[in-house]
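This report concerns only the one structure given below.
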Ligand SMILES: [Zn+2]
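Numbering (mature numbering (1 follows the signal peptide of the UniProt record, and there is no 0)), first residue to last: -19 to -1, 1 to 265.
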């Protein structure tokens, strides 16, 4: 049986062909009746969505909370969904980003969800996730571009300091300066003062200068909403507006900003949020 839920309300659709959408549910398990029904709808919508850009079954979403030991790909395979659909809807930067206890939205159709208004021809969708309303243009039947999939699969970013030891990881930790529990939005890589730092991927330098706490910092914008940040540099070798190639030297390791010793603080951001850095295994 489908259970109505207050936690996830579909607000409405701007385009008329899917105006019937209104229900939403919490999915309690990746097995069982609810999951089977969802899979059936996904299969049904797959036939119509790609060809006619309308869905035989009105679009609806379920919210699933990952259980211990479950991974993004368990949700994908158990529900016969597509990784690109779930990645774009949930704004994931990498398959390993979701952790047990976190909620993933799953639609009853495959396709790609884009930021509103970026591209014509999509179906405008508004959906609640927790207390935030998410807006998208939905393109039924579509998949990621190959390059976009490379980003998602962690095949793009080269390590900025190949061979360096990671001295501090991403996530909650005891802050090395004030000792309190604090979120670390990147990784720290230990290296001696002056070691060259390389661009993790080609892109445009959007910031090169002093940034509070980060000291001398470089930010590079890449495709698909990804940005890399390099902090605590002793020297910056690029300037704002430069187009840089993957692997070129952009600065040198230092201890500017709020630090206890020389190291590189490196971040990957997507859509303005700090993400757990993942590197191309060929360049760790
Ligand atoms: Zn750091």
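Beta carbons are placed, not taken as given, at the ideal position from N, Cα and C, and that holds for glycine.
Contact test: residue 246 Cβ vs ligand 1 heavy atom, cutoff 6 Å: yes
Inter-stretch contact (C-beta, 8 Å, three-pair minimum) for the segment 127 to 142 and the segment 150 to 163: no
Residue 169 CB to nearest heavy atom of ligand 1 below 6 Å: yes
Three-state secondary structure assigned by DSSP to residue 130: The three-state reading of DSSP puts residue 130 in helix, counting H, G and I together.
Continuous beta strand (DSSP E) stretch holding residue 117: start and end: Its beta strand (DSSP E) spans residues 113 to 121.
Contact belief for residue 233 with residue 214 at Cβ below 8 Å, rounded distance in angstroms: 6 Å
Residue 190, DSSP secondary structure in three states: The three-state reading of DSSP puts residue 190 in strand, counting E and B together.
Residue burial classification, residue 3 (beta-carbon count within 10 angstroms, cutoff 16): For residue 3, the predicted structure reports a pLDDT of 38, less than 50, and the residue's modelled location is therefore unreliable. The matter cannot be settled from this model.
Contact set for residue 71: own chain, Cβ-Cβ below 7 Å, skip 5 residues either direction: Closer than 7 Å at the Cβ level, and outside the excluded window around residue 71, lie 85, 86.
Test item: CB-CB of residue 267 and residue 55 under 7 Å: Here the chain has residues from -19 to 265 only, and residue 267 is not among them.
Range covered by the alpha helix (DSSP H) that runs through residue 53: Residues 53 to 59.
Rounded C-alpha distance that separates residue 40 from residue 90: Going by the C-alpha atoms only, they are around 7 Å apart.
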